[in-house]
Amino acid sequence: MTERTLVLVKPDGVRRGLVGEVLSRLERRGFTLAALELRQLDRATLERHYEEHRGKPFFEPLVEFMLSGPVVAMVVEGQRVIETFRAMAGATDPVAAAPGTLRGDLGRDWGLKVQQNLVHGSDSPESAQREIGIFFPAL
Ligand code: RTP
Ligand code: MG
């Protein structure tokens, strides 16, 4: 079944020049883009996007990190793309992420903060719909 998911290349991925690597892996897998934009996020958008994490100890550092530079936001389309992109991203903590995944291949283990894990991908059809509505309301 064709689905859409929201993918973000986080500020660390943009700073490190890894946008092309993320796009390349998605395209080689056969997924297509429905939207793509380089964007400096604001606090209100991030508080909506991460509302399930509000109140957790990592919430404020996460928001600060996501404000530290532009992200590349995209809507990616394809068969089972929601679950497949999560698998391509790997475990949340880059140190634990399997080799072959974005975080496992490109995450770093020095000066590590778990929020600096390169990418975000929606975790369910409901999340995808909600997050696409936040980032690309016209879609
Ligand atoms: P994402 O939402 O970014 O695709 O990643 P995820 O589902 O694997 O992780 P999630 O649990 O949704 O957490 C969202 C982001 O918060 C940061 N985080 N920091 N213990 C911590 O310090 C901690 N836990 C999570 C990460 O940036 C994670 O991607
Ligand atoms: Mg998540």
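So for the sequence shown, UniProt numbering puts the first residue at 1; every next one is plus one.
Yeah, the Cβ is synthetic: ideal placement off N, Cα and C, and Gly gets one too.
Closer than 7 Å to a non-hydrogen atom of the ligand RTP - does that hold for the CB of G121? yes
Which word fits S24, buried or exposed, when buried means at least 16 other C-beta atoms lie within 10 angstroms of its C-beta? exposed
Any heavy atom of the ligand RTP closer than 7 Å to the CB of L62? yes
On the DSSP letters alone, give me the boundaries of the beta strand (DSSP E) that A3 sits inside. In the sequence as displayed, the identity of residue 3 is Glu instead of Ala. Residues T2 to V9.
Segment limits, alpha helix (DSSP H) that includes V63: F59 to M66
Between which two residues does the alpha helix (DSSP H) harbouring E52 extend? First-last for E52: undefined, no H or E at that position.
Could you say which of A35, S68 and R86 lies nearest to R43 if we only look at CA atoms? S68
In terms of residues, what are the limits of the beta strand (DSSP E) holding G104? Here G104 belongs to no beta strand (DSSP E); instead the alpha helix (DSSP H) covers L102 to L106.
Whole-angstrom distance between A89 and Q40, CA atom to CA atom: 22 Å
Taking all protein chains shown into account, do 16 or more other C-beta atoms lie within 10 angstroms of the C-beta of H53, making it buried, or fewer, making it exposed? exposed
Sorted by chain position, which residues of the same chain lie with C-beta nearer than 6 Å to T32's C-beta, five sequence neighbours on each side aside? E77
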